[in-house]
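Working notes for the structure below.
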Amino acid sequence: MRYWLFKSEPSTWSWDQQVAKGETGEEWDGVRNYQARNFMRDMALGDRGFFYHSQKEKAVVGTVEVCAEAHPDSTTDDERWDCVDIRALAPAQTPVTLDQIKTHPDLAEMVLVKNSRLSVQPVTESEWQIICNLAGISL
DNA sequence: GCCAACGTTGGC
DNA sequence: GCCAACGTTGGC
Numbered sequence: 435m436r437y438w439l440f441k442s443e444p445s446t447w448s449w450d451q452q453v454a455k456g457e458t459g460e461e462w463d464g465v466r467n468y469q470a471r472n473f474m475r476d477m478a479l480g481d482r483g484f485f486y487h488s489q490k491e492k493a494v495v496g497t498v499e500v501c502a503e504a505h506p507d508s509t510t511d512d513e514r515w516d517c518v519d520i521r522a523l524a525p526a527q528t529p530v531t532l533d534q535i536k537t538h539p540d541l542a543e544m545v546l547v548k549n550s551r552l553s554v555q556p557v558t559e560s561e562w563q564i565i566c567n568l569a570g571i572s573l
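So in this note's numbering, the last spot in the first sequence is 573, and the numbers never skip.
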């Protein structure tokens, strides 16, 4: 299993909205960036990911699971854009802030820090474990 | 609200 | 195929 990070502006699509979709989950649509799309094409059913709120909050607020592999993005007719479906798994007991991530010696190399504009990105297993610990999420 | 970083587009 | 111009993102 691999690990990922999904970034969203809470004013556009928030963790609460994701949770409200329940087991069925929801398309992670609207991505118009090739790198991000390619990562979604790489995802497998059951892969896990962090749900990150950008802008004001700047924190990992929960975990999600890939519940449908890459398929055409329903919000466009452009064949170039695929997306996966994700569903909420567990909320962070304590959101893990960007500031924490940047100052943590074992997290400073995260894509989130190195390439802050990429909206879908891979996370290593050790990064996954550290952030789950900080968030109070049991593995 | 500003600006740096980055990705995309289009003219040549 | 290069590169300037432009648009967007996201941290500050």
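Even for Gly, the Cβ is constructed at its ideal location relative to N, Cα and C. Since the structure is predicted, the reported quantities are computational estimates derived from the model, not experimental observations.
Asked	Found
Closest by CA to G456, which one among H538, L532, E503, T497?	T497
Compare the beta carbon distance of R521 and G459 with 8 Å and say whether it is the shorter of the two.	yes
Since I believe D516 is in contact with P506 (beta carbons under 8 Å), could you give me their beta-carbon distance rounded to a whole number of angstroms?	6 Å
Looking at C-alpha atoms only, which residue of D533, T528, E443, W462 is the closest neighbour of S572?	T528
Counting only runs of 3+ residues fully inside the stretch 460 to 527, write out the beta strand (DSSP E) ranges in chain order.	482 to 487, 493 to 506
Should L552 and K492 be called a contact, given that it needs their Cβ atoms to be closer than 8 Å?	no
Quick one: Cα of Q555 to Cα of E499, how far?	14 Å
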